[in-house]
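Engineer:
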Amino acid sequence: MLDRRLIRDDPDKVVKGIESKNVDTEIGTVIALDKELLAIQKQSEELKHERNVKSAEVAAKKRAGEDADELHMYLKNLSQRIKDIEAKSKEASARLDELLLTLPNLPHASVPIGKDESDNVVRRTWGEVTEPYFDVLPHWEIGEKLRVLDLEAGRRVTGRGYIVLRGDGALLSRALVNFMLDLHRDQGYEEVLVPYVVNRGSMVGTGQLPKMAEDMYHCEIDDLFLIPTAEVPVTNIERDSFTPADELPVKYTAYSPCFRREAGSHGADTRGLLRVHQFDKVEMVKVVYPDDSYDELESLLDDACVVLEALELPYRVLELCTGDLSFAAAKCYDLEVWSPGVEKWLEVSSCSNFEDFQARRANIKIKKAKGERHRFVHTLNGSGLALARTIAAILEHHQTPTGRVRIPAKLVPYMQGKEYLG
RNA sequence: GGAGAGGUGGCCGAGCGGCUUAAGGCGCCCGCCUGCUAAGCGGGUGUGGGGGUAACACUUCACCGAGGGUUCAAAUCCCUCCCUCUCCGCCA
1 MLDRRLIRDD PDKVVKGIES KNVDTEIGTV IALDKELLAI QKQSEELKHE
51 RNVKSAEVAA KKRAGEDADE LHMYLKNLSQ RIKDIEAKSK EASARLDELL
101 LTLPNLPHAS VPIGKDESDN VVRRTWGEVT EPYFDVLPHW EIGEKLRVLD
151 LEAGRRVTGR GYIVLRGDGA LLSRALVNFM LDLHRDQGYE EVLVPYVVNR
201 GSMVGTGQLP KMAEDMYHCE IDDLFLIPTA EVPVTNIERD SFTPADELPV
251 KYTAYSPCFR REAGSHGADT RGLLRVHQFD KVEMVKVVYP DDSYDELESL
301 LDDACVVLEA LELPYRVLEL CTGDLSFAAA KCYDLEVWSP GVEKWLEVSS
351 CSNFEDFQAR RANIKIKKAK GERHRFVHTL NGSGLALART IAAILEHHQT
401 PTGRVRIPAK LVPYMQGKEY LG
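Heads up: the first sequence begins at 1 in the numbering used here, then just goes up one per residue.
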């Protein structure tokens, strides 16, 4: 959520920031409604003050045994006026809150201006992207050949976009999760195991609701949602809390499955493991002191890159432009791994700084020192990594001419010593 | 799922229509005293919004789980909902 005071004091900045994100909002209405509400509240406050003073007079008279009927009549009338104006104020305030929740975060000044993904900037590339000297099979072919991936079974059990990993494929998935969690623990993150179903407040807190409602699996009878990322439960651990400044940063890592309806994204790039409705992911979340959040973003990015390097997968780091930035993000880097079978860069991680956008929604504050105003923390998160596409990349990038798949050395201890699939 | 009890400031805990714009305690901060430490003494210490200030000061409104209602006046009375605890039932 944006700071109402910022919207009031510097509307131009807010309008420009939102425009650069290339989304339609009712920012104009918000600005007007904010003014209107302030005026209503001022009026209401004055009347309430009068009521408080005069009511105290009634109490004083009664104690003195005097008659207060005249004041009674006056106050009865005053109270009715207050009630009327309060109703107006409540209505305006509810409408304003609703609209405020639909405004996206503003991009950080360092974010390149651009209208869509074609304007993203490649920050750096790691590893060699070489032309393979044999025909690399796409992951769904090599996966089915090696009996580690069973797409048909997934369709049968649930439907399109759901997959079954079997045998060493399932082991590989588990190995990756364990490897990543161990790595992030060593990087100083606290491992947490969290619910995969969350309430509405949590979804609003991290910014998935109200905007992304259609992408969410929703259990109506309990009004609970399947998480699209561990970011949601993990960040909301801190909801409605005050953290002493000297306890920051707080760093968490968590494994979770992620559920995404992917409404309206059928068609391209959906084969095999490229875009599925349920995938596993290891996530990192940081809750940090505001002044440090951009340094923390860089180190978060480094922590994610280490995973890809350990898996010996070539990747590049994209700096998202304003138009491609997600709703809640102020700045974001995507990590894309090269997959020679499909000849594509696959997004396997996204590292974002939300500044105080989520903290305002979720009410995560820093315990203030004497005489200071409360400040909100900054929150960040990054995948480290999303499994489905990582597995796709391993199946393709580490494929051998003999139709086997080499397990990266760092992963072998997690694979019961196996050095190859097949 | 059934029955009962309860939700008050960072924590404990009183208040159950107006002398509470939340008593008292703990914790925390500042000062005093004590050759260190502990104890003791004095003062301060919630959140959010508005006005005000260079910044303070100051001022005002709201907040006692959430939302509605009664009343001139609600932490206090009424209604609805949520949550926690205890006991019972069911169950992996």
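Built from N, CA and C at the ideal position, the CB exists for glycine as well.
#1: What are the residues that DSSP puts in a beta bridge with HIS378?
#2: Going residue by residue through the segment 27-77, where are the continuous beta strand (DSSP E) segments of at least 3 residues, counting only ones entirely within it?
#3: Taking Cβ positions, are VAL282 and VAL177 nearer each other than 8 angstroms?
#4: Assuming SER20 and SER89 make a contact with CB atoms under 8 angstroms, what is their CB distance in whole Å?
#5: By a C-beta neighbour count over all protein chains shown, 10 Å radius and 16 as the cutoff for buried, is HIS72 buried or exposed?
#6: Cα-Cα, which of VAL232, LEU313, LEU106 and LEU6 is closest to THR130?
#7: Quickly, what does DSSP pair SER352 with across the bridge? List them, please.
#8: Considering only DSSP beta bridges, list what LYS367 is partnered with.
#9: Straight-line CA distance for LYS76 to ILE40?
#10: Tell me the rounded alpha-carbon separation between ARG51 and SER79.
#11: Roughly how many angstroms separate the alpha carbons of GLU36 and GLY114, rounded to a whole number?
#12: Helix, strand or coil for HIS277? Go by DSSP, reduced to three states.
#13: Okay, do the segment 311-329 and the segment 98-113 touch, 3+ Cβ pairs below 8 angstroms being the bar?
#14: Go through its chain and collect everything with a Cβ distance to VAL58's Cβ below 6 angstroms, but skip five positions before and after it.
#15: Counting pairs of beta carbons, one from the segment 376-383 and one from the segment 339-359, are three or more of them closer than 8 angstroms?
#16: Along the beta strand (DSSP E) that carries TYR252, what are the first and last residues, could you check?
#17: Considering PHE134, what are the terminal residues of the alpha helix (DSSP H) in which it resides?
#18: Which residues does DSSP list as the beta-bridge partners of ARG406?
#19: State buried or exposed for TYR252, treating a residue as buried only when at least 16 other CB atoms are found within 10 Å of its CB.
#20: For TYR133, count the other beta carbons within 10 Å of its own beta carbon; 16 or more makes it buried, fewer makes it exposed. Which is it?
#21: Applying the criterion that 16 or more other CB atoms from any shown protein chain within 10 Å of the CB defines a buried residue, is GLU238 buried or exposed?
#22: Is any non-hydrogen atom of the ligand NAD found closer than 7 angstroms to the C-beta of TRP126, if you look at the structure I gave you?
#23: Work out the CA separation of GLN208 and LYS286 for me, nearest whole Å.
#24: With a cut-off of 8 angstroms on the beta carbons, I'd call ARG364 and LEU311 a contact; round off their distance for me.
#25: With distances taken from CA atoms, which of ILE366, GLY384, TYR420 and ARG123 is nearest THR243?
#26: Starting from TYR162 and walking both ways along the alpha helix (DSSP H), at which residues does that stretch end?
#27: So, helix, strand or coil for HIS139, using DSSP?
#28: Among SER299, TRP338 and CYS332, whose alpha-carbon lies nearest the alpha-carbon of LEU308?
#29: Return the CA-CA distance between TYR217 and TYR162, expressed in angstroms with no decimal places.
#30: How far does the alpha helix (DSSP H) with PHE327 in it reach, from first residue to last?
#31: Short check: CB of VAL348 to CB of ARG389, under 8 angstroms?
#32: Have a look at VAL157 and ASP150 and give me their C-alpha separation to the nearest angstrom.
#33: Within 8 angstroms, do at least three Cβ pairs link the segment 270-279 to the segment 135-143?
#34: If we ignore side chains and look at the alpha-carbon of each, how far apart do ARG5 and PRO233 end up?
#35: Using the Cβ count rule (16 or more neighbours within 10 Å means buried), how would you classify LEU385?
#36: Give the range of the alpha helix (DSSP H) segment to which THR206 is assigned.
Structural biologist: So, to answer that:
#1: According to the DSSP secondary-structure assignment, HIS378 is paired through a beta bridge with VAL288.
#2: You should have found no qualifying run.
#3: Less than 8 angstroms separates the beta-carbon of VAL282 from that of VAL177.
#4: Going by Cβ atoms, the distance from SER20 to SER89 rounds to 33 angstroms, so no, they are not a contact pair.
#5: HIS72 counts as exposed, since fewer than 16 other C-beta atoms from the protein chains shown sit within 10 angstroms of its C-beta.
#6: With distances taken between Cα atoms, THR130 lies closest to LEU313.
#7: Beta-bridge pairing links SER352 to CYS332 and ASN381.
#8: DSSP lists PRO244 as partners of LYS367.
#9: For LYS76 and ILE40, the distance between alpha carbons rounds to 21 angstroms.
#10: ARG51 and SER79 have their C-alpha atoms spaced approximately 7 angstroms apart.
#11: Straight-line measurement puts the Cα of GLY114 at about 34 angstroms from the Cα of GLU36.
#12: Looking at HIS277 - three-state DSSP - the assignment turns out to be coil, as it is neither helix nor strand.
#13: They touch, by the three-pair rule.
#14: The beta carbon of VAL58 lies closer than 6 angstroms to those of ALA68 and LEU71 in the same chain, with the five residues before and after it left out.
#15: With contact defined as three or more Cβ pairs closer than 8 angstroms, the segment 376-383 and the segment 339-359 are in contact.
#16: For TYR252, the enclosing beta strand (DSSP E) stretches over residues 250-259.
#17: PHE134 -> no alpha helix (DSSP H), and no H or E assigned at all.
#18: Answer is TYR420.
#19: By the 10 Å Cβ count, TYR252 comes out buried.
#20: TYR133 is exposed by the Cβ-count criterion.
#21: By the Cβ-count criterion, GLU238 is buried, with 16 or more other Cβ atoms from all chains shown falling within 10 Å of its own Cβ.
#22: Only the bare structure without any ligand can be found here, which leaves the ligand NAD out of the picture.
#23: Each residue's CA atom was taken as its position, placing LYS286 and GLN208 some 18 angstroms apart.
#24: According to the sequence provided, residue 364 is Ile. The question's Arg does not apply to it. Between LEU311 and ILE364 the Cβ distance is about 33 angstroms, and since that is not below 8 angstroms, they are no contact.
#25: Among ILE366, GLY384, TYR420 and ARG123, the Cα nearest to that of THR243 is on ILE366.
#26: That residue, TYR162, is in no alpha helix (DSSP H); it is neither H nor E in DSSP.
#27: When DSSP states are grouped into helix, strand and coil, HIS139 belongs to the helix group.
#28: Per the Cα distances, TRP338.
#29: Here the alpha carbons of TYR162 and TYR217 stand approximately 14 angstroms from one another.
#30: Judged by DSSP secondary structure, PHE327 falls outside any alpha helix (DSSP H); it is assigned neither H nor E.
#31: VAL348 places its beta carbon less than 8 angstroms from that of ARG389.
#32: Straight-line Cα distance between these residues: approximately 11 angstroms.
#33: Contact holds: three or more Cβ-Cβ distances are below 8 angstroms.
#34: Taken atom to atom, the span from the alpha-carbon of ARG5 to that of PRO233 is near 29 angstroms.
#35: It counts as buried.
#36: Per DSSP, THR206 belongs to the alpha helix (DSSP H) from 200-206.
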